[in-house]
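Reading through the structure tokens given below for one structure.
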Amino acid sequence: MDAVGEVDTSASVAIASLSLALYDFGASYSSILTILVKFEYVWRKPLHSGSLLFLWVRYYGLFALLFRAVSVLSNRKVTGSSSTASTTTLRLLETSDVLGFVLIFSVQVVLQIRMHVMYDRSPTLALLSGSIFVIEIVVMMVLWSRQPVGSNTYPLYYVPMVLFEIWIGTLAFVKFIWRVRRSRRTGTGGDEDGGMVGVFFRDSAIHYALTIVGIIAFNVIGALSGKSLANSGLLEACFLLAGTRLILHLRAAYYRQQQREREDSAIELGREWVVRRHRDARTITRLGGTEVEAFWGAE
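Under my numbering, the first residue of the sequence shown is numbered 8, with each subsequent residue one higher.
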């Protein structure tokens, strides 16, 4: 494939990646249910780390994909006119790569937070995963800096990312096995955690399904075009789609669990108040299901 054809492939993939992200963005706002979920668990809540992380991944991811599309189209214009790519165009391509890395790293931070919660906030696991994450970033950037932008060599700098995804996926799988065994042993059916861990598992499965799709597209399109530039956009788009769902569903499950706990506490406090009030009047009232049995004392 000639240079113009390679750049055309890169431009097509970049536009397709941006279109996929914009379609998901538009579809989420065309769904009343999704709008209500975002309004309830993102916009109406205080801007803590969770909501800020959602907004960052969502809108920064769109910006990164838009920037990649612009940079690739700029390179296509230069190459299509049989001119040597300018320094400015190469800088745009390099910057688009870095922006894509930041998007991937941001989603991986979300994955680590989820693993931290799933493993009962283990400081040892947090330190281990954090150390592996830092090593991934360093190795990835070193490998990327040694490979010219748009070269025909295989982009080995994505290998550390794949290894880190395998690490996080292994942690989730091990936790899933533990949960299944505990459910069988206790006969609880796995619902004793209020559904939080179930949300973790479901969204983790979605994330890895999209990641696998992105990696397959990464290799197939890369093999056809011979350019690492051609396929990284789809991988980043998959991370964007999965990452926003990871955060939104986690926040929804967290606040719903808080609501259930508040309701349970209110019911318990109500029972204590009724018992205390009637005890003072030498009356004991017991609430059992839909029945109310009262034992009246002496008048």
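Don't be surprised by glycine CBs; every beta carbon is placed ideally from N, CA and C.
- When C-beta atoms of the region 57 to 77 are compared with those of the region 106 to 114, three or more pairs fall below 8 Å, so the two segments count as touching.
- Per DSSP, reduced to three states, the secondary structure at Arg128 is coil, with no helix or strand assignment.
- With a minimum length of 4 residues, there is no unbroken run of alpha helix (DSSP H) contained wholly in the region 87 to 118.
- Here DSSP, grouped into helix, strand and coil, assigns Tyr161 to coil.
- In this structure, the straight-line span from the alpha carbon of Val181 to that of Ala212 is close to 13 Å.
- In this structure, the alpha-carbon of Asp210 lies about 27 Å from that of Ser103.
- Judged by DSSP secondary structure, Pro167 falls within the alpha helix (DSSP H) whose first and last residues are 166 to 193.
- From the listed residues Arg188, Val141, Met168, the smallest Cα separation to Thr218 is found for Met168.
- Shown here, Val79 sits in a helix according to DSSP, grouped into three states.
- Considering only Trp185, Tyr66, Val145, the residue with the shortest C-alpha distance to Val114 is Tyr66.
- At a Cβ-Cβ threshold of 9 Å, Leu241 and Ala224 count as neighbours.
- One Cα belongs to Ala76, the other to Val187, and the distance between them is close to 44 Å.
- Leu100 is positioned such that its CB atom lies no closer than 9 Å to that of Ser136.
- Within the same chain, and ignoring the five residues on either side of Gly176 in sequence, the residues whose Cβ sits closer than 8 Å to its Cβ are Ser211, Tyr215.
- When C-alpha distances from Leu255 are compared across Val64, Leu25, Arg191, the shortest belongs to Val64.
- Separation of Leu253 and Arg98 (C-alpha to C-alpha, rounded to the nearest whole angstrom) is 32 Å.
- Taken atom to atom, the span from the alpha-carbon of Tyr126 to that of Leu59 is near 23 Å.
- Val117 is not a Cβ neighbour of Gly221, given a cutoff of 9 Å.
- Of the candidates Gln119, Val156, Trp151, Phe183, the residue whose Cα lies closest to the Cα of Phe171 is Gln119.
- In this structure, the alpha-carbon of Met122 lies about 21 Å from that of Leu62.
- Comparing alpha carbon positions, the residue from Ile184, Ala28, Ser152 closest to Gly68 is Ala28.
- When the beta-carbon positions are compared, Tyr164 and Met148 come within less than 9 Å of each other.
- For the 9 Å CB-CB criterion, Ala21 and Val105 do not form a contact.
- Within a 10 Å sphere around the beta-carbon of Leu134 sit fewer than 16 other beta-carbons, which makes this residue exposed.
- In the three-state reduction of the DSSP assignment, Arg153 falls in the coil class.
- Residue burial is scored here from C-beta neighbours: Pro162 has at least 16 other C-beta atoms within 10 angstroms and is therefore classed as buried.
- Of the residues Ser24, Arg269, Ala244, Ile142, the one whose Cα lies closest to the Cα of Trp174 is Ile142.
- When the beta-carbon positions are compared, Ser26 and Glu243 stay at least 9 Å from each other.
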